[in-house]
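To start, the structure itself, in structure tokens.
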Amino acid sequence: MNALSIMILSFAGYLIMYNLYGRYIGKKIFNLAQKAGIPAVEMEDGVNYVPTKKEVIFGHIFTSIAGTGPFV
């Protein structure tokens, strides 16, 4: 078996287990529910709790990580 086939099988196994184990952890350990609301929607006040697009949140998280990278 060559290295490419091992890499492809490993990646496929990783994706399968990521989905299966992630669902298991979400349901059994953290008790996550699809119907649960988020605070930005439930307690929206226009000041502290404001719903936003996921792209904006990703940008904030990315810049926070990238900004502290040189210091770490």
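Plus 1 on top of the position in the sequence shown (first one is 1) and you've got the working numbering. Ideal Cβ positions, reconstructed from N, Cα and C, are used throughout, including at glycine.
Cα-Cα separation, residue i to residue j
{"i": "residue 8", "j": "residue 2", "result": "10 Å"}
{"i": "residue 6", "j": "residue 15", "result": "14 Å"}
{"i": "residue 35", "j": "residue 25", "result": "14 Å"}
{"i": "residue 72", "j": "residue 65", "result": "12 Å"}
{"i": "residue 37", "j": "residue 67", "result": "31 Å"}
{"i": "residue 54", "j": "residue 13", "result": "31 Å"}
Beta-carbon spacing of residue i, residue j below 8 Å
{"i": "residue 48", "j": "residue 41", "result": "no"}
{"i": "residue 27", "j": "residue 33", "result": "yes"}
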